[in-house]
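A short worksheet on the structure shown next.
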Amino acid sequence: MLISEKITLFIAIWMVIIFFLTIDTIPEIFFILIFIGLLIVKVFTDRYTPTPLRIRMNIFIFLFFIVFSLIIGKRIISFLII
Numbered sequence: 004m005l006i007s008e009k010i011t012l013f014i015a016i017w018m019v020i021i022f023f024l025t026i027d028t029i030p031e032i033f034f035i036l037i038f039i040g041l042l043i044v045k046v047f048t049d050r051y052t053p054t055p056l057r058i059r060m061n062i063f064i065f066l067f068f069i070v071f072s073l074i075i076g077k078r079i080i081s082f083l084i085i
């Protein structure tokens, strides 16, 4: 099994576990926990992954960072309005 397949499998399992743990909560928690999981995978596998896989992981991390920023910004604005 290739390292990219192992990483993909781990992220998929992480997403399913997080989905079932956060099914009754707000969706923001789901996205934040996925973002944290991606960062953890990036840190632990950075030394062993080839460059194209690192670039793809960086793209996913960047996209989830944008979603994370939007969620936090929305929360801050809603907190300041109240």
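Sequential numbering of the sequence shown, starting at 4, is according to this note's numbering. The C-beta atom is built at its ideal place from N, Cα and C for all residues, glycine as well. All values derive from a computational prediction rather than experimental measurement.
Distance between M60 and F47, taken at the CA atoms: about 12 Å. I14 sits away from L36, with the two beta carbons spaced by 7 Å or more. In the structure shown, the three-state DSSP call for I10 is helix.
At a Cβ-Cβ threshold of 7 Å, T52 and I6 count as neighbours. L41 counts as buried, since no fewer than 16 other beta carbons sit within 10 angstroms of its beta carbon. With a cutoff of 7 Å on beta-carbon distance, V70 and F33 are scored as not near each other. The shortest CA-to-CA distance from L12 to any of T54, I62, V44 and I75 is the one to V44. I10 counts as buried, since at least 16 other C-beta atoms from the protein chains shown sit within 10 angstroms of its C-beta.
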